[in-house]
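These protein sequence lines are chains A and B, in that order. Counted the way my numbering counts, the first sequence spans residues 232 to 729. Counted the way my numbering counts, the second sequence spans residues 879 to 1127. In this text, a Cβ means the ideal position worked out from N, Cα and C, and glycines have one as well.
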Amino acid sequence: MPAVQETVDRVRRIDVDQYRYGFETLIESEKAPKGLSEDIVRFISEKKNEPAWMLEWRLEAYRRWLTMTEPTWARVHYPKIDYQDLYYYAAPKPKKTLSSIDEIDPEILKTYEKLGIPLREVAILEGVEPPPGGEPSEQRKIAVDAVFDSVSVATTFQKELKKAGVIFMPISEAIREHPELVRKYLGSVVPTSDNFFATLNSAVFSDGSFVYVPPGVRCPMELSTYFRINERNTGQFERTLIIADKGSYVSYLEGCTAPQRDENQLHAAVVELIALDDAEIKYSTVQNWYPGNSEGLGGIFNFVTKRGDCRGANSKISWTQVETGSAITWKYPSCILRGDNSRGEFYSIAISNGYQQVDSGTKMIHLGKNTSSRIISKGIAAGKSQNTYRGLVTAHRKATGARNYTACDSLLIGDKCGAHTVPYVEAKNSSATFEHEATTSKISEDVLFYCVQRGLSQEEAVGLVVNGFVKDVLQQLPMEFAVEAQKLISISLEGSVG
Amino acid sequence: MALLEVKDLQVRVEDREILHGLSLTVNPGEVHAIMGPNGSGKSTLSHVIAGKPGYEVTGGQILFRGEDLLEMEPDERAAKGVFLAFQYPVEIPGVATMNFLRTALNAQRKARGESEYSTPDFLKKVREVSKSLNIPQDMLKRGVNVGFSGGEKKRNEILQMALFEPSLCILDEMDSGLDIDALRIAADGVNALRSLERAMVVITHYQRLLNYIVPDYVHVMAKGSVVKTGGKELALQLEESGYAQFEDA
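Okay, structure coming up:
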């Protein structure tokens, strides 16, 4: 068999049917009636016991959304979404305020255990039931907020975080308990009128995480949210808001999975980050929504608006993402570098396989003086997938001394996939220094043969080469996530042979 | 039993036949040199034994300890003890040499049903072997062959040979791109691995290498088959007379 044909066949076998999180949890749930209207927006707001200002905010967004059209500029193709054929709210029953982990539906706990997120263990460590052997080690601590369909089901380590003055809670609670903070910052980075999907989210968002780190505090542990879509025909619209006050630091991780289904599901999230003077936010994502099967059936439509605002001087926001899931990914985590000397970073690994379509990248908007940004993007396309990097780097007239370095590398596995790089660069002042490098390469037969000659299977060889290719980005992830991500990368590219 | 038996091997690449009925028998402990002009099929033979894709075997067989080698995937062959030292070792950016060595060694051991090496045992073994080959530790931290000199790449091949302890080593044009000092270091490494159980097939264009790695047998290949076999003195004769006599035949 000619060398190239061998790889093509290999890749054909490497399909996306390997999805390990495709199980469904059978629990009773409470849903809003299908479709979207002012009444549904009111229903959601009421379910959440929201104050009047919040309802007004949502309704304004909803009215705005009615006048908007879905964007079509991305390199993704999908059947028209019928927004009246979706559920906008689903919550596990019984819905009452939970005072301890023990009151969570055991089925949900089981779900998170299967996903490798031990809510119970973490809770035990935390001190709901104190462990027999004293304090757990600092490194092991990760506070988790688990969002199941439309509601947050558990947030761990709340007490300990409170001691440090850090607020970490479901956003629905924050709206009630910290309205002054939420009102001040919600929509201040991604306004309700921002774009079709963000506006839709503003109208119907159900839950998500809220983080506030007070001045001078270094958050004592990693904060983490796990999003799980379970219900059929249900959109997930979570909203995350993170504020790092002056001189503070926080590292936040986000993970996502969904059951395997034949129909597509919509996910339209909004994440807003605000870093004040000298503050730093590190935001890491491992996105593993169900990608659809090897024929391109099913999978999540992922339309996400993520934006960070380096509002203060010397602030820093760093996005790291590992994107392996979703049928469609439309996502551009961006930084507005408003404060002087602020810094934005974007590290991305986007893997597409089967019929997945990825259009992802970042925007670095330099407004302040001596702002700097760095973009490292690694796209890997296999199967019949299409993988696009789309990025914007821009320097405002007043952003003197702005600097950007961009490196976009694409790796192709097989010859039925595509990689595309669409960089936009605008400098409105002459002192800006922008560097851009891009490469596209194919995984070489010779490299694979070298590896198998040394005893690695074909799949192990592909995994090794790909992990080498993405190493610069993996290094940016917190340790525990990096190991997880490395496994996930191999699984995403694995074939069905045992 | 012979370690390797190549019987009447016929190989095509696309529409062209490269090997026309080649036979070769290698016993444990023996060192065979295969010499021949460019395009005689030397490298094709090594690739087919190792299982590189892109070659079509249209006739004959290859037995390894009596087993049909052509039925095995290349990684199975590696686990059985077939090692090919490449003429041009590839670079694998981002994969630390140390990590590569361990992954490969453990993959082979797993395939043979042996236990995987623990980290301390593995490190100890690598240190011993790399020291004997004059390989600095920082080279092992770099990406596989990335930025290595020609000599370093070849020493890295021999390092792997020493670690994996194969029973058949095929050295494809080991001397290409090496100066005389680098060649001597590499050859010393290979000689240290000679043993009664291990056989070597040394493929080379030039006699020079055989001054350092002295073979038991020399085979001359031309136009896709072995045209002459003799002892180590045959290599010296070739140096004088050249390959032209065989090519014209």
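* Kindly confirm or deny that the segment 946 to 957 of chain B and the segment 1006 to 1014 of chain B touch, where touching means at least three C-beta pairs closer than 8 Å. => no
* To do: Decide if residue 588 of chain A is buried, meaning its Cβ has at least 16 other Cβ atoms within 10 Å, or exposed.
  => Indexing the first sequence from 1 puts residue 588 of chain A at position 357. Residue 588 of chain A is buried by the Cβ-count criterion.
* Asked: Got a sec? Which residues, its chain only, sit under 7 Å from residue 699 of chain A by beta carbon, not counting five neighbours each side?
  -> Indexing the first sequence from 1 puts residue 699 of chain A at position 468. Counting only Cβ-Cβ distances below 7 Å, and skipping sequence neighbours, we find nothing.
* Under 9 Å, do residue 558 of chain A and residue 584 of chain A count as touching if we go by C-beta distance? -> Start at 1 with the first residue of the first sequence, and residue 558 of chain A comes out as number 327. Start at 1 with the first residue of the first sequence, and residue 584 of chain A comes out as number 353. No, they are not a contact pair.
* Distance between residue 439 of chain A and residue 720 of chain A (C-alpha atoms, nearest Å) -> Position 489 of the first sequence, counted from the start, is the residue given in the question as residue 720 of chain A. Position 208 of the first sequence, counted from the start, is the residue given in the question as residue 439 of chain A. Between residue 720 of chain A and residue 439 of chain A, the C-alpha separation is close to 26 Å.
* Would you check if the distance between the CB atom of residue 655 of chain A and the CB atom of residue 614 of chain A is smaller than 9 Å? => In the first sequence, counting from the first residue as 1, residue 655 of chain A sits at position 424. In the first sequence, counting from the first residue as 1, residue 614 of chain A sits at position 383. Contact: no.
* **Alpha-carbon spacing of residue 1003 of chain B relative to residue 918 of chain B, whole angstroms** => As a working mapping, residue 1003 of chain B is identified with position 125 in the second sequence. As a working mapping, residue 918 of chain B is identified with position 40 in the second sequence. For residue 1003 of chain B and residue 918 of chain B, the distance between alpha carbons rounds to 39 Å.
* To do: Assess, as a yes-or-no matter, whether the segment 598 to 610 of chain A is touched by the segment 884 to 895 of chain B under the definition of 3 or more beta carbon pairs within less than 8 Å.
  => no
* Asked: Can you name the start and end residues of the alpha helix (DSSP H) that residue 988 of chain B belongs to?
  -> Counting from one through the second sequence, the residue named residue 988 of chain B turns up at place 110. 975 to 989 is the span of the alpha helix (DSSP H), which, as asked, contains residue 988 of chain B.
* May I have a chain-ordered list of the beta strand (DSSP E) segments no shorter than 3 residues that lie completely inside the segment 608 to 668 of chain A? => 617 to 626, 634 to 643 and 649 to 658
* **Beta carbon of residue 684 of chain A nearer than 9 Å to that of residue 1031 of chain B** => Mapped onto the first sequence, residue 684 of chain A falls at position 453. Mapped onto the second sequence, residue 1031 of chain B falls at position 153. Result no, Cβ atoms of residue 684 of chain A and residue 1031 of chain B do not sit closer than 9 Å.
* Interface residues of chain B facing residue 684 of chain A [CB-CB closer than 7 Å] -> Here residue 684 of chain A is taken as the residue at index 453 of the first sequence, counted from 1. Residues of chain B passing the Cβ test: 928, 952, 956 and 962.
* Asked: Is it true that the segment 660 to 672 of chain A meets the segment 954 to 970 of chain B, where meeting means three or more beta-carbon pairs spaced less than 8 Å apart?
  -> no
* Identify the contact partners of residue 970 of chain B in chain A, using a Cβ-Cβ distance below 8 Å as the criterion. => Counting from 1 along the second sequence, the entry for residue 970 of chain B is found at position 92. Within 8 Å Cβ-Cβ: 678, 681, 682, 695, 696 and 699.
* Under 9 Å by beta carbon: chain B residues contacting residue 723 of chain A -> Translated into positions along the first sequence, residue 723 of chain A becomes position 492. In chain order: nothing, as chain B lies at least about 17 Å away.
* **Selection of the segment 984 to 1014 of chain B by Cβ proximity to chain A, strictly under 8 Å** => 985, 986 and 989
* In terms of residues, what are the limits of the alpha helix (DSSP H) holding residue 682 of chain A? -> Counting from one through the first sequence, the residue named residue 682 of chain A turns up at place 451. Run containing residue 682 of chain A: 676 to 684, per the alpha helix (DSSP H) assignment.
* Under 9 Å between C-beta atoms, does residue 537 of chain A make it to chain D? -> Among the protein chains of the structure shown, namely A and B, there is no chain D.
* Could you tell me which residues DSSP pairs with residue 703 of chain A in its beta bridges? => Here residue 703 of chain A corresponds to residue number 472 of the first sequence, with the count starting at 1. Partner(s): none; residue 703 of chain A has no beta bridge.
* Take the Cβ of residue 1068 of chain B as the centre, count every other Cβ of all protein chains shown within 10 Å, and call the residue buried at 16 or more, exposed below. => To locate residue 1068 of chain B, count along the second sequence from 1; it is residue 190. Buried.
* First and last residue of the uninterrupted beta strand (DSSP E) at residue 591 of chain A -> Taking the first sequence and counting its residues from 1, one reaches residue 591 of chain A at position 360. Residue 591 of chain A -> beta strand (DSSP E) spans 588 to 597.
* Do the CB positions of residue 630 of chain A and residue 597 of chain A come within less than 9 Å of each other? -> Indexing the first sequence from 1 puts residue 630 of chain A at position 399. Indexing the first sequence from 1 puts residue 597 of chain A at position 366. Yes, Cβ-Cβ distance for residue 630 of chain A and residue 597 of chain A is below 9 Å.
* Check residue 315 of chain A in the structure and name its three-state DSSP category. => Numbered from its first residue, the first sequence carries residue 315 of chain A at position 84. Three-state result, residue 315 of chain A: helix.
* **Exposed unless 16 or more other CB atoms sit within 10 angstroms - verdict on residue 315 of chain A** => On the first sequence, residue 315 of chain A is found 84 positions in, with the first residue counted as 1. By the neighbour-count rule (16 or more Cβ atoms within 10 Å), residue 315 of chain A is not buried but exposed.
* **Close Cβ partners of residue 499 of chain A (< 6 Å) along its chain, the five nearest in sequence each way excluded** => By one-based count along the first sequence, residue 499 of chain A stands at place 268. For residue 499 of chain A, where only same-chain residues beyond five positions count, the Cβ hits under 6 Å are 428, 431, 432, 468 and 534.
* Same chain only: Cβ atoms within 7 Å of residue 286 of chain A, ignoring 5 sequence neighbours per side -> The residue given as residue 286 of chain A occupies position 55 in the first sequence. Around residue 286 of chain A: 273 and 276.
* Contacts of residue 982 of chain B in chain A (Cβ-Cβ under 8 Å) -> In the second sequence, residue 982 of chain B corresponds to position 104, counting from 1. The contacting residues are 682, 685, 686 and 687.
* Flag residue 1021 of chain B as yes if its beta-carbon sits less than 9 Å from any beta-carbon of chain A, otherwise no. => One-based indexing of the second sequence puts residue 1021 of chain B at position 143. Closer than 9 Å: yes.
* To do: Over the uninterrupted alpha helix (DSSP H) stretch that includes residue 1006 of chain B, give me the two end residues.
  => As a working note, residue 1006 of chain B is residue 128 in the second sequence. From DSSP, the alpha helix (DSSP H) with residue 1006 of chain B extends over 997 to 1010.
* Three-pair Cβ contact test at 8 Å for the segment 700 to 716 of chain A versus the segment 1046 to 1062 of chain B -> no
* Reducing DSSP to helix, strand and coil, say where residue 420 of chain A ends up. => Translated into positions along the first sequence, residue 420 of chain A becomes position 189. Looking at residue 420 of chain A - three-state DSSP - the assignment turns out to be coil, as it is neither helix nor strand.
* Quick one: grab the DSSP three-state call for residue 1123 of chain B. => Position 245 of the second sequence, counted from the start, is the residue given in the question as residue 1123 of chain B. The answer is helix: DSSP assigns residue 1123 of chain B an H, G or I state.
* Asked: Which parts of the segment 539 to 582 of chain A are runs of the beta strand (DSSP E), unbroken and 3 residues or longer, counting only runs that do not cross its ends?
  -> 547 to 554, 559 to 562 and 565 to 568
* CA-CA distance, residue 594 of chain A and residue 307 of chain A? -> Looking up residue 594 of chain A in the first sequence gives position 363. Looking up residue 307 of chain A in the first sequence gives position 76. So the two alpha carbons sit approximately 19 Å from each other.
* To do: Could you work out which residues of chain A lie near residue 1038 of chain B, taking near to mean beta carbons separated by less than 9 Å?
  => Within the second sequence, the letter at position 160 stands for residue 1038 of chain B. Neighbours of residue 1038 of chain B on chain A, chain order: 685.
* Asked: Checking contacts by CB at 9 Å: is residue 973 of chain B closer than that to chain A?
  -> Working through the second sequence from its first residue, we reach residue 973 of chain B at position 95. Closer than 9 Å: yes.
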